[in-house]
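Notes follow once the structure below has been shown.
Protein chains in written order, with the working numbering: chain A, 22 to 371; chain B, 56 to 238; chain C, 20 to 186.
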């Protein structure tokens, strides 16, 4: 009977899933606060400062406001799909976190618990697959609103995401040639005792980073919702928490892509400049796992800050420039990168 | 084209070089500029807690003045209403009765004196027109209101507090400006 | 009945149901969405067969890219249940005939194969894992693999040529 099998395993994974989902939600909440603060500081302003000390409760107030708002479903919209859209966007955003290793193994009263929900051997491809599903949230939402502008914005968004998936995948292939495995835990393990992958793949990292900006619909690639130039984008007809879901999903995506970049290129939960294994012997596995999780968190927050810093510095691309950059610059560059990597890897093996 | 100043620069329309077309250097430059703003002093003033001092020539809400003994200066001559370009001032005159000498300085006084703050343009011509130094513009502005009638200020709103009975409030309402003019 | 079997029956039912919904949905957008559900269910089957790589590639390529393009076209053409053209009676008959023939062929083919002795191996076998698949593709099946890549290349060139014609 499968229900008896390994109830420990099921409980462990359930707890991990709930923890990861809660952490991503809280981080996404505070990303909105951080975004407003960073924007304010870069523009010599103060930012939210009224709700709680330093405005620390501002995200709670914002969320409450979105919940309280009137929910409007347009008359001529396709109601089921209209509701499905934000749900899909949120779901795909949350699913990606399943394969990310958040830290080493902790020892829970003699029962080893790995801080990773699923260590599948197609780790990166899983992330890639789920990200490519993210388009449906945008497209279904845009189409179901029965509004020309939403539809066109959805098409803009979807074609942007599809276009930038290609160079992203090609940059990943070059990285996989270096690592030789798709397993996230193996990739992190390889970087633990040696150089980080960014040193082997600087160009690959640049391409991946630009594509991550485009995939998350962040400035300078936030054309799906160019709120001050085109219109509000695919979520134009949305209100209340359904709009909140779309906006929230974007922040979760930003968090996840920062984590993915730290994991793939910057050693994941490895603590830089320190031999983790020796440290683990002296302070114990559990404290090591905590420190490692902190290290990953720090790397992630730095990436998130970089995302925001870029958003408040660089103006938006025009749509043809966006497509030119994607198809005529990034794809050839990533192909060249792949070729060079392949040659070097082969040469070193001989 | 003739240059008007020696600082003018002609727009350079040369095609960009390869390095320039990469934009990497320019992006880095922009990022450094925005980053440096992280550490700049914020010019924001937290309004309800901190208030910016008004300029001495600021023209805010009107105040009907009293003299040193606390008598109203206004004699309802109507010059302010005539001077007002927005026609915001209306008044009704009345004659001073016996026993009211400690209330009104002149023999005629304004029984009703109203300024519509929605019409008023705060030009200060009423202040200039007044021969008795009875009206002047203070250093506050009209607070928001939900109704139109809340913006029609009558005598109770405009009159300055009594200088002998409430000297502190009188001083506060007087502001910096009138002190200078009186001296 | 263990967990794998329950999953298998659930996924099979889902696959058949959503595949039927693809055909009988009035709204083309709904059809596409049901087709995506079908792909998900089939990917689930792949994963049950321990072919994770094939499963996820099925998702990335079909559900992630090709279906998005389908959606693009259908959304832009604005096909509604109302604007569906009335098909000719004979056309319907021809469709039934062709479909019936295909079914006949499939049934005949399955009948002669020794299906009864073959049982799908769930959770074992590792040909679907990325390493083994790569090895098989680049040693045993290298010629068909290269030929198919040439085919894709020619298709790409053809697409570029068609795209350039407008200029």
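Glycine included, each C-beta is placed from N, C-alpha and C at the ideal position.
Values in this document were obtained by computation on a predicted structure and should not be read as measured data.
A Cβ-Cβ distance of about 5 Å is found for the pair residue 118(B) and residue 215(B), placing them in contact under the 8 Å criterion.
The closest CA to that of residue 140(B), considering only 181(B), 94(B), 131(B), is found on 181(B). Taking a cut-off of 8 Å for Cβ pairs, the stretch 217-234 of chain A and the stretch 146-156 of chain A do not touch, as fewer than three such pairs fall below it.
Interface annotation for the stretch 150-178 of chain C against chain A: empty, criterion Cβ-Cβ distance under 7 Å. Here the stretch 175-192 of chain A lies against the stretch 217-236 of chain A, with 3 or more beta-carbon pairs under 8 Å apart. Sorting 93(B), 176(B), 184(B) by C-alpha distance to the C-alpha of residue 131(B) places 184(B) at the top. Under the three-state reduction of DSSP output, residue 102(B) falls in the coil class, being neither helix nor strand.
The beta-carbon distance between residue 161(A) and residue 201(A), rounded to whole angstroms, is 38 Å. This is too long to meet the 8 Å contact definition. Residues of the stretch 167-182 of chain A with a C-beta less than 7 Å from any C-beta of chain C: 172, 176, 179, listed in chain order. If you check the CB distance, residue 289(A) and residue 222(A) do not come in under 9 Å.
Here the C-alpha atom of residue 89(C) lies approximately 21 Å from the C-alpha atom of residue 180(C).
Using a Cβ distance threshold of 9 Å, residue 84(B) and residue 65(A) do not count as a contacting pair. Residues of the stretch 331-351 of chain A whose Cβ lies closer than 9 Å to any Cβ of chain B, in chain order: 331, 333, 334, 335.
Under a 10 Å Cβ-count criterion, residue 78(C) is classified as buried, with 16 or more other Cβ atoms of the shown protein chains found around its own Cβ. Here DSSP, grouped into helix, strand and coil, assigns residue 126(A) to strand. For residue 146(B), the enclosing beta strand (DSSP E) starts and ends at 144-150. Within chain A, the C-beta atoms nearer than 7 Å to that of residue 83(C) come from 150, 153, 154, in chain order. Residue 337(A) sits in coil when the DSSP states are folded into three classes, being neither helix nor strand. About 28 Å separates the beta carbons of residue 93(A) and residue 240(A), which is beyond the 8 Å limit, so they are not a contact pair. At a beta-carbon threshold of 9 Å, the residues of chain A lying near residue 90(B) are 63, 330, 334, ordered along the chain. If you look at residue 169(B), you'll find it isn't in any alpha helix (DSSP H); it sits in the beta strand (DSSP E) that goes 163-171.
Chain-order list of chain A residues neighbouring residue 95(B): 65, by C-beta distance under 7 Å. Cβ neighbours of residue 81(A) within its own chain (closer than 8 Å, five residues either side excluded): 50, 72. Straight through space, the alpha carbons of residue 104(B) and residue 151(B) are spaced by roughly 45 Å. At least one CB atom of chain C sits nearer than 9 Å to the CB of residue 143(A). Residue 118(A) is positioned such that its CB atom lies no closer than 9 Å to that of residue 125(A). In terms of beta-carbon proximity, residue 29(C) stays away from the interface with chain A, with every pair separated by 9 Å or more. By the Cβ test, the stretch 187-198 of chain A is in contact with the stretch 342-362 of chain A, since at least three Cβ pairs between them sit closer than 8 Å. Residue 117(B) sits in a strand when the DSSP states are folded into three classes. For residue 272(A), the uninterrupted alpha helix (DSSP H) segment begins and ends at 261-286. Annotation: residue 216(B) is outside any alpha helix (DSSP H) and is labelled neither H nor E by DSSP. Three or more beta-carbon pairs separated by less than 8 Å are not found between the stretch 293-313 of chain A and the stretch 249-264 of chain A, which leaves the two stretches without contact. In this structure, the alpha-carbon of residue 82(C) lies about 47 Å from that of residue 94(B). For residue 279(A), no Cβ of chain B is located within less than 9 Å of the residue's own Cβ. Residue 80(B) and residue 274(A) have their alpha carbons spaced roughly 28 Å apart. Annotated as proximal: residue 158(B) and residue 126(B), with beta-carbon spacing under 9 Å.
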